[in-house]
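Peer 1: In the numbering used here, the protein residues as written are 12 to 299.
Cβ coordinates follow ideal geometry from the N, Cα and C atoms, glycine included.
After the structure tokens below, expect a handful of questions from me.
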Ligand code: ADP
Ligand code: MG
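Following this line, the structure appears as structure tokens:
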């Protein structure tokens, strides 16, 4: 059972824009030993700029963007939002004949009679589509597009670190809490972000279920300390539920993530995690 005083802590937290769904989660936060972060939209802004559009031979840039934007019309993924914004024009809903989000990989859609794939290289490879000019070592995320079973081009987008993300990582590391970054993004992108932030450990090219497996591994490695996961996306729901304390960033976060989380940070600031931990310790001090 949880000491009654923790219920007072829940009220204090809510006044700071931190929603705690149970007193036991505040208690768990005082035992945190590892914080696992999702990358896109959690440590980075998840607001991408389209930097470059590279159509493949035989495809026009304008056509590539039109088809890609239509395929991304119904996705809440930060990548989708940025592509729609960069395209600029309105999307004709009548053009979208079929649409499916492939979790952690991208979009499969039927647009204007074309079969369309938009996302990671592996999404195209799974359908046997070759990417002739797959690039590595690029500082940015490449979105690959296939139209009617043919490679149609790539769109280079770049993300920025969130305000306060680096300071949050440093504060955690300085107080002896291990930090880990998990991402479905490419290894080269993950490496440069991890380096910029100073996270202790990172793992890239993960599917949503791989993130769950990593959190489980970290939980098994330390039966005393608690493992916190911080994420924001639809894909993060399973891992938010699995961690000792699942924390969703509420500002931009998906409904699924907010629903699955134990704690919701209403403002889109990683530093609010430190506030949540401070409130937990402060509440504990009052109780004892
Ligand atoms: P992260 O783990 O960094 O939050 P996700 O698991 O959400 O990333 O997605 C992993 C990767 O899958 C992205 O980096 C992107 O390459 C691709 N992807 C996912 N959803 C989409 C989409 N709607 N459009 C294009 N690419 C996508
Ligand atoms: Mg994400």
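Take residue 60 and list the residues in its own chain whose beta-carbon comes closer than 6 Å to its own, dropping the five residues that flank it on each side.
Peer 2: As a first step, residue 60 must be located in the chain shown, where it is residue number 49. Cβ within range, chain order: 169.
Peer 1: Can you give me the Cβ contacts of residue 210 inside the same chain, cut-off strictly under 6 Å, excluding the 5 residues immediately before and after it?
Peer 2: The residue given as residue 210 occupies position 199 in the chain shown. So the list reads 180, 190 and 192, once near-sequence residues are dropped.
Peer 1: In terms of residues, what are the limits of the beta strand (DSSP E) holding residue 166?
Peer 2: Along the chain shown, read from residue 1 onward, the residue named residue 166 stands at position 155. Its beta strand (DSSP E) spans residues 161 to 169.
Peer 1: Could you spell out the range, first to last residue, of the beta strand (DSSP E) harbouring residue 240?
Peer 2: To locate residue 240, count along the chain shown from 1; it is residue 229. Looking at the DSSP string, the run of the beta strand (DSSP E) that includes residue 240 is 237 to 242.
Peer 1: Can you give me the C-alpha to C-alpha distance between residue 35 and residue 230, rounded to a whole angstrom?
Peer 2: By 1-based counting over the chain shown, the position of residue 35 is 24. By 1-based counting over the chain shown, the position of residue 230 is 219. Answer to the nearest angstrom: the Cα atoms are 17 Å apart.
Peer 1: Hey, is residue 124 close to ligand 1, as in C-beta under 7 Å from one of its heavy atoms?
Peer 2: As a first step, residue 124 is located in the chain shown; it is residue number 113 there, counting from the start. No, since every heavy atom of ligand 1 falls outside the 7 Å radius drawn around the Cβ of residue 124.
Peer 1: Here's a check: name, in chain order, each residue in its chain whose Cβ is nearer than 6 Å to the Cβ of residue 33, leaving out the five neighbours to either side.
Peer 2: The count along the chain shown starts at 1 and reaches residue 33 at position 22. Around residue 33: no qualifying Cβ.
Peer 1: Rounded to the nearest angstrom, what separates residue 222 and residue 241 at their Cα positions?
Peer 2: Position 211 of the chain shown, counted from the first residue, corresponds to residue 222. Position 230 of the chain shown, counted from the first residue, corresponds to residue 241. Near 12 Å, if we compare the C-alpha coordinates of residue 241 and residue 222.
Peer 1: Please classify residue 174: does DSSP put it in a helix, a strand, or coil?
Peer 2: Here the question's residue 174 lines up with position 163 in the chain shown. Three-state result, residue 174: coil.
Peer 1: For residue 257, is the beta carbon positioned less than 7 Å from some heavy atom of ligand 1?
Peer 2: As a first step, residue 257 is located in the chain shown; it is residue number 246 there, counting from the start. Flag unset: Cβ of residue 257 not near ligand 1.
Peer 1: Examine ligand 1 and report whether any of its heavy atoms sits within less than 7 Å of the Cβ of residue 154.
Peer 2: Counted from its first residue, the chain shown places residue 154 at position 143. Answer for residue 154: yes, Cβ within range of ligand 1.
Peer 1: Would you mind sorting residue 292 into buried or exposed? The rule is 16 or more other CB atoms within 10 Å of its CB.
Peer 2: By 1-based counting over the chain shown, the position of residue 292 is 281. By the 10 Å Cβ count, residue 292 comes out exposed.
Peer 1: Taking C-beta to C-beta, are residue 116 and residue 136 nearer than 8 Å?
Peer 2: To locate residue 116, count along the chain shown from 1; it is residue 105. To locate residue 136, count along the chain shown from 1; it is residue 125. It is not a contact, given that the beta carbons lie outside the stated cut-off.
Peer 1: Decide yes or no for the touch test of the region 40 to 52 against the region 241 to 260: beta carbon pairs closer than 8 Å, at least 3 of them.
Peer 2: The answer is yes - the region 241 to 260 touches the region 40 to 52, with three or more Cβ pairs under 8 Å.
Peer 1: Can you tell me the Cα-Cα spacing of residue 140 and residue 202, whole angstroms?
Peer 2: In the chain shown, residue 140 corresponds to position 129, counting from 1. In the chain shown, residue 202 corresponds to position 191, counting from 1. Roughly 27 Å separates the two Cα atoms.
Peer 1: Here's the rule: buried if 16 or more other CB atoms are within 10 angstroms of the residue's CB, otherwise exposed. What is residue 72?
Peer 2: The residue you call residue 72 lines up with position 61 of the chain shown. Under this definition residue 72 is an exposed residue.
Peer 1: With which residues is residue 158 paired in a DSSP beta bridge?
Peer 2: Start at 1 with the first residue of the chain shown, and residue 158 comes out as number 147. According to DSSP, which records beta bridges pairwise, residue 158 is partnered with 127 and 161.
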